[in-house]
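What follows is a set of notes on a single structure, which appears directly below.
Chains as they are written, first to last, in our numbering: chain A, 1332 to 1526; chain B, 544 to 851.
Here is the structure:
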């Protein structure tokens, strides 16, 4: 039964890591999204940014900081934990519930912009929309993501996209941020066979 | 995560802290427009109550409903238990109905432990005889943490009928796990010999309430059950109230920040005077509200994921 490793028919797969966005790229992308929000919302009046943990929350803070430095507008920021609204709760061990913090003015009648790091299946955003519906009634909901990697499983699209990255399903997009991981970077982890 | 919650001793410090942290998030739901979460949709929670209870049963029912679980209330009165059905047969009936969790209150100590062997779902002890009541201990710990900001290092005096109190037993176990120091106070007839050593080393026993008050951060008054008043554990109700009842002057001897707790239902004028029960230091109403949040956290952590 025990074959020596050299006797395998196919060569071993090597994990590959490609940097998609460096720290400087990431800052430019956040700046651009902040400008786009200002443009599309005509000055971000009645707008609330809600970050989806883990990494959507610091991204929402950054967007608000950039919008404030560009136009001197302070946009309320909150955090929306979607754990209890996930559709895969029963497939995993119980997940820890994180905090949800809505801005003081609430979300009723506001334009809510959901902020997340990676848009993939769309299931997180679906859960976030359900959670929003239980928290109040926004006038409209938009979605801002740092990376759109495709492979949607639900009819959901983003209004603001930092970067579109075509990926294979087996690949993995990893976003790290200074606030949560110590450094800003977006990497694509995948498998490739050496030629 | 644990599968059943039968005893305060089932919880280590990390799990207990996780329950309290989750309860803090669940508490936010009470202030929302839609007081409901979809986390337990399609799950069935059975409230199996062999003893009368208002607040615990309603609290569990509200908790399960806020998490969107289906709730079946079963009370022994008017059921086949009154016709002589055994606990095991009732358990098998619930099992056949597909109960994901059974919340059980029973006059016999240890009944939830037996039940846990017979059903596939999670069993939550909602009070068994004179044994344990772990969710009450959790909500008490939650209330102390939210009022005083911490549990580690707190001095907690548990005053009254410790002998018959499941609340006291669960609180000693849980609070000592979380680093608080518990002192059991009451007449010698109502504090079992060696209980401190048997439950949690480090627990003190004191027969003089006035000696304990100046150093207590929390005073938890236990109910003196009416049916015990004629059992000669103490000479008379008036003497008990004089020596172990918490009144205004005694409350004045507590440190500035100290809080007064009571698991309810209270005997006003017996273990606690109305002046104390209705004072800002009393957390009695808060405890009821916190009970729902804590039980939501327990049900979510037991049933929310695939923990089998």
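Quick reminder that beta carbons are idealized off the backbone N, C-alpha and C, glycines included.
- Nearest to residue 586 of chain B by alpha-carbon distance, out of B:641, B:556 and B:571, is B:641.
- Contact between residue 739 of chain B and residue 746 of chain B holds, since their C-beta atoms are separated by about 4 Å, short of 8 Å.
- Across the structure, residue 649 of chain B and residue 593 of chain B are spaced so that their CA atoms are roughly 5 Å apart.
- Annotation: the region 1400–1443 of chain A contains the following complete segments of the beta strand (DSSP E) (minimum length 3 residues), in chain order: 1408–1410.
- Annotation: residue 787 of chain B is outside any beta strand (DSSP E); the continuous alpha helix (DSSP H) that includes it extends over 780–787.
- DSSP places residue 577 of chain B in the coil class of the three-state scheme, outside both helix and strand.
- At least 9 Å separates the CB of residue 573 of chain B from every CB of chain A.
- Cβ neighbours of residue 651 of chain B within its own chain (closer than 6 Å, five residues either side excluded): 672.
- The beta carbon of residue 724 of chain B does not come within 9 Å of any beta carbon belonging to chain A, so the residue lies off that interface.
- Closest option to residue 658 of chain B, judged by alpha-carbon separation, among B:680, B:683, B:644 and B:631: B:631.
- Per DSSP, the unbroken beta strand (DSSP E) holding residue 1495 of chain A starts and ends at 1491–1495.
- In the pairwise beta carbon analysis, the region 1391–1410 of chain A is classified as touching the region 1352–1371 of chain A: at least three pairs are separated by under 8 Å.
- Taking residue 726 of chain B as the centre and dropping the five residues before and after it, the same chain places the C-beta of 700, 747, 749 and 755 closer than 6 Å to its C-beta, in chain order.
- Taking 7 Å as the upper bound on Cβ-Cβ separation, chain A lies near no residue of the region 665–688 of chain B.
- Here residue 1473 of chain A is bridged, per DSSP, to A:1444.
- Residues of the same chain with a CB within less than 7 Å of the CB of residue 565 of chain B, apart from the 5 flanking positions on each side, are 840, 843 and 844 in chain order.
- Here the C-alpha atom of residue 613 of chain B lies approximately 34 Å from the C-alpha atom of residue 825 of chain B.
- Take residue 1375 of chain A, set aside five residues on each side of it, and the residues of its chain with a beta-carbon closer than 8 Å to its own are 1368, 1369, 1398, 1402, 1404 and 1406, in chain order.
- DSSP places residue 841 of chain B in the helix class (H, G or I) of the three-state scheme.
- The DSSP assignment places complete beta strand (DSSP E) segments of no fewer than 3 residues inside the region 739–801 of chain B at 747–749 and 761–764, in order along the chain.
- An exposed status is given to residue 628 of chain B, since fewer than 16 other beta-carbon atoms sit within 10 Å of its beta-carbon.
- By the neighbour-count criterion, in which a residue is buried when 16 or more other Cβ atoms sit within 10 angstroms of its Cβ, residue 806 of chain B is buried.
- Just measuring C-alpha positions, the residue of A:1511, A:1497, A:1513 and A:1418 sitting nearest residue 1520 of chain A is A:1497.
- In this structure, the beta-carbon distance from residue 724 of chain B to residue 697 of chain B falls below 9 Å.
- Restricted to the region 606–668 of chain B, the beta strand (DSSP E) segments that are unbroken, complete and at least 3 residues in length are 613–618 and 644–649, listed in chain order.
- Among the residues of the region 1404–1422 of chain A, those with a Cβ less than 7 Å away from any Cβ of chain B are 1415, 1416, 1420, 1421 and 1422, in the order of the chain.
- Membership of residue 700 of chain B in the beta strand (DSSP E) is indicated by the continuous run 698–702.
- The beta carbon of residue 1492 of chain A sits closer than 7 Å to those of 1476 and 1479, all from its chain and outside the five residues before and after it, given in chain order.
- Of the residues assessed, residue 1348 of chain A falls on the exposed side of the cut-off, its CB having fewer than 16 other CB atoms within 10 angstroms.
- Annotated as proximal: residue 1439 of chain A and residue 1467 of chain A, with beta-carbon spacing under 9 Å.
- Short of 6 Å from the beta carbon of residue 789 of chain B, and not among the five residues preceding or following it, lie these beta carbons of its own chain, in chain order: 764, 815 and 819.
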